[in-house]
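Reading the sequence shown from the start, the letters are residues 47 to 355 in our numbering.
Quick reminder that beta carbons are idealized off the backbone N, C-alpha and C, glycines included.
Working notes, beginning with the structure itself.
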Amino acid sequence: MRSLVAISDLTKGQIMSLINQALAYKRGLDTKQVLKGKFVVTAFFEPSTRTKLSFQKAAMALGANVLDFQPSTSSLQKGETDIDTLLTIEAMDVDAIVVRTRKVGAPALWASHLSIPVVNGGDGTNEHPTQALLDLTTMYEHFGRLDLNVAIVGDILHSRVANSLSKALKMFGANVRMCGPAGFIPEEHDGADIITEDLSQALEGADVIYVLRIQRERIEQSFDDAKKFFELYQINESTLRFAPESAVIMHPGPFNRDVEIASDLVYSERSLILEQVRNGVYTRMAILKEVLSGVDEFEGVRSVQSVMV
Numbered sequence: 047m048r049s050l051v052a053i054s055d056l057t058k059g060q061i062m063s064l065i066n067q068a069l070a071y072k073r074g075l076d077t078k079q080v081l082k083g084k085f086v087v088t089a090f091f092e093p094s095t096r097t098k099l100s101f102q103k104a105a106m107a108l109g110a111n112v113l114d115f116q117p118s119t120s121s122l123q124k125g126e127t128d129i130d131t132l133l134t135i136e137a138m139d140v141d142a143i144v145v146r147t148r149k150v151g152a153p154a155l156w157a158s159h160l161s162i163p164v165v166n167g168g169d170g171t172n173e174h175p176t177q178a179l180l181d182l183t184t185m186y187e188h189f190g191r192l193d194l195n196v197a198i199v200g201d202i203l204h205s206r207v208a209n210s211l212s213k214a215l216k217m218f219g220a221n222v223r224m225c226g227p228a229g230f231i232p233e234e235h236d237g238a239d240i241i242t243e244d245l246s247q248a249l250e251g252a253d254v255i256y257v258l259r260i261q262r263e264r265i266e267q268s269f270d271d272a273k274k275f276f277e278l279y280q281i282n283e284s285t286l287r288f289a290p291e292s293a294v295i296m297h298p299g300p301f302n303r304d305v306e307i308a309s310d311l312v313y314s315e316r317s318l319i320l321e322q323v324r325n326g327v328y329t330r331m332a333i334l335k336e337v338l339s340g341v342d343e344f345e346g347v348r349s350v351q352s353v354m355v
């Protein structure tokens, strides 16, 4: 694996290998600083807390040096293109770039022009493969398996997380239900077994209730009475009764308290939200180790003349 821009870049076996490596890191079973002397750049063209900081900590935990590229103070402000900026960074002999962007498909395009690994930290409404991997790690750690019943609830239509996670879960035989109000769910989706507006149907028999953020302004645009949304779709003690008592709650963050999820459930005993954050570091350690393994043996740099973007 040279770059990771989509969950489809990985096989089921590779995903399990990354999960096992992440959990080995978490248990302190592998403490080798395999990236000592490497340079990892975090180039986030869109704001981030969890993804950016966890990648930075992951890189440093493996002994790498981290360079944090700040678009707001870069030559992008002078009209330089994204690809020219990234080629410039690559020319400084860095070893990998972690990117986030609002532009759908940009990480795959950039990876095709750079000779170093590109890791997608989220691109628009398209993909967020590393979030999906840390979520799988969290589920596997809790349940010991991944052939689960997973209800993804909220703004699925605009969610890169839902795209990557549902596709990854299907590799392991999971039953994936997508639920939300009209206008927030797709008519069809390759990663879903059920797409419904009925929360009770989605939560019936669910092992995992995976909540997605819904912007309050979108709710107000779609509902004449925002209170009606909370009655129908907010995950709270009332709606939680549709699910088994053993069901756990997950959320990729950032979350809006008392919008898509009630405040008293965010850090409740049934919540794995902070465990997702913890596992994000270990999973991204495993990803960086994998994409940078054998990087010194890579031969050849793509000609600058071939970069016509």
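| Check | Outcome |
| --- | --- |
| Presumed contact (8 Å Cβ cut-off) between T88 and V51, rounded CB distance | Incorrect: roughly 16 Å between the Cβ atoms, too far for contact. |
| Helix, strand or coil at M185 [DSSP, three-state] | helix |
| Of the residues I162, T171, L99, the one placed nearest V140, counting alpha carbons only | I162 |
| Own chain residues within Cβ distance below 8 Å of L192, not counting five before or after | L182, M185, Y186, L215, F218, G219, A220 |
| Host alpha helix (DSSP H) of V207 (start-end) | 206 to 217 |
| Nearest-angstrom Cα separation, counted from D130 out to Q123 | 13 Å |
| Residue closest to A208, alpha-carbon to alpha-carbon, out of Q267, E234, H188, F189 | E234 |
| Environment of I240 [buried if 16+ CB atoms lie within 10 Å] | exposed |
| Proximity to K273 [Cα-Cα], best of V305, E315, Q177 | V305 |
| Which listed residue (C225, D169, E277, Q79) has its alpha carbon closest to that of S210 | D169 |
| Among E336, L278, G237, F301, nearest to L258 - alpha-carbon criterion | F301 |
| Distance, D310 Cα to L69 Cα | 29 Å |
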